[in-house]
Every structure is written in C-alpha cells, then in structure tokens.
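Colleague: To start, I am sharing the structure in question, which I have written as structure tokens.
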Amino acid sequence: MQKYKLVFFTPRPSTQAVLQHLFARFPNHVGRIGAYGGCAFVSPGTGQFLPLEGANPAIGEVGKPERVEEDRVEVLVLARADSDSASDKLKEGTNTHADGESQSAVEMGAVLQELRKVHPYEEVAYDVYRLEDF
Numbered sequence: 001m002q003k004y005k006l007v008f009f010t011p012r013p014s015t016q017a018v019l020q021h022l023f024a025r026f027p028n029h030v031g032r033i034g035a036y037g038g039c040a041f042v043s044p045g046t047g048q049f050l051p052l053e054g055a056n057p058a059i060g061e062v063g064k065p066e067r068v069e070e071d072r073v074e075v076l077v078l079a080r081a082d083s084d085s086a087s088d089k090l091k092e093g094t095n096t097h098a099d100g101e102s103q104s105a106v107e108m109g110a111v112l113q114e115l116r117k118v119h120p121y122e123e124v125a126y127d128v129y130r131l132e133d134f
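Heads up: the sequence shown is residues 1 to 134, going by full-length UniProt numbering.
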C-alpha cells in the first residue's frame, strides 16, 4: 500500500468537521500512523483569493479580493493510486467493513472525492505527495 501526504486548506471554523468526517469515513487509511488514529498536523495561516465571474463563493463576493483565516491541514493517507482516473469510487478489497471501507486499500480518488464533498469551499485547494519508505 502506498503512503501519501494529503495537504489541504480550510477556513478555521471548518477544520475539525472536515477532519472528523475523513477520519470517520476512512479510519484505517486517513490519519492512521501505526497504533494511532486521527493524526494530523494543523497550522494557521491566511488564505487569499478573488472570486471571478461565474464563481459561487462560500465566503466573499465575486470581484472583491478576500482574505480568510485558514488552516493548513496535513494527513497521512494509506492508499493506492486510482486504477482508472475516471473513477472516483471506493474500490473494495476482500475485507470490507460495514461502513464500506476496505481493509486492504482505498483509492486516493475516493479520499479526494470525500474531501470535496465535506469541504465548505466551491473549489478545494489541496496537494497530494507520494511518500517513500526509507
């Protein structure tokens, strides 16, 4: 199973709700480090953006620059790369929990789809880094 670092930015009041949703949906794959679950690194900062014509911003107005107190959130994801980039569905392995999460592997696309679903922003800013074992 491949290890990834998922980094995303969220308005501070939403950080814990987003994290708790991901931890609950993927308890064996998101924020899991050995015998510890719910692991994340959260650091504060200020995000800025300008909603353009056609945007439907959760915060701010079209055409007006906005600055928002946000958190940078980093979590470990134990996943496999999507076998089909058109598919963002969770592909189940042989040992599936009642909540639909596979013991063996989850696709990164399923985690990103869930992040987009729960995140308050119309456009979610995130980065995914593949990690190497040493």
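C-beta: ideal position from N, C-alpha, C; glycine also. These figures come from a predicted structure and were not determined experimentally.
#1: Nearest to GLY47 by alpha carbon, out of GLU66, PRO13, GLU123 and ALA17?
#2: Starting from VAL18, trace the alpha helix (DSSP H) both ways and give me its first and last residue.
#3: So what's ALA79 in DSSP terms, helix, strand or just coil?
#4: Please state if the CB of ALA81 and the CB of MET108 are separated by a distance shorter than 8 Å.
#5: By DSSP's criteria, GLU123 is part of a beta bridge. Which residues make up the other side?
#6: Closest to GLN2 by C-alpha separation, out of LYS64, ALA17 and VAL30, would be which residue?
#7: Are the stretch 26 to 43 and the stretch 126 to 133 in contact at 8 Å, needing three or more beta carbon pairs?
#8: Express the C-alpha separation of GLU53 and GLN16 in angstroms, rounding to a whole number.
#9: Given a cut-off of 8 Å, decide if GLU70 and VAL7 are closer than it, judged by their beta-carbon atoms.
#10: Distance check for GLU123 and VAL18, CA to CA, integer angstroms please.
Modeller: Let me spell this out:
#1: The residue given as residue 47 occupies position 47 in the sequence shown. It is GLU66.
#2: As a working mapping, residue 18 is identified with position 18 in the sequence shown. From DSSP, the alpha helix (DSSP H) with VAL18 extends over 15 to 25.
#3: In the sequence shown, the residue the question calls residue 79 occupies position 79. When DSSP states are grouped into helix, strand and coil, ALA79 belongs to the strand group.
#4: As a position in the sequence shown, residue 108 is number 108, starting the count at 1. As a position in the sequence shown, residue 81 is number 81, starting the count at 1. Cβ distance < 8 Å, so MET108 and ALA81 count as in contact.
#5: Here residue 123 corresponds to residue number 123 of the sequence shown, with the count starting at 1. BP columns for GLU123 are empty, so no partner.
#6: Your numbering for residue 2 matches position 2 in the sequence shown. Closest option to GLN2, Cα to Cα, is VAL30.
#7: Contact fails: fewer than three Cβ-Cβ distances are below 8 Å.
#8: Working through the sequence shown from its first residue, we reach residue 16 at position 16. Working through the sequence shown from its first residue, we reach residue 53 at position 53. Rounded to whole angstroms, GLN16 to GLU53 spans 31 Å at the Cα level.
#9: Here residue 7 corresponds to residue number 7 of the sequence shown, with the count starting at 1. Here residue 70 corresponds to residue number 70 of the sequence shown, with the count starting at 1. Not closer than 8 Å, so no.
#10: The sequence position of residue 18 within the sequence shown is 18, counting from 1. The sequence position of residue 123 within the sequence shown is 123, counting from 1. A straight line joining the alpha-carbon of VAL18 with that of GLU123 spans about 15 Å.
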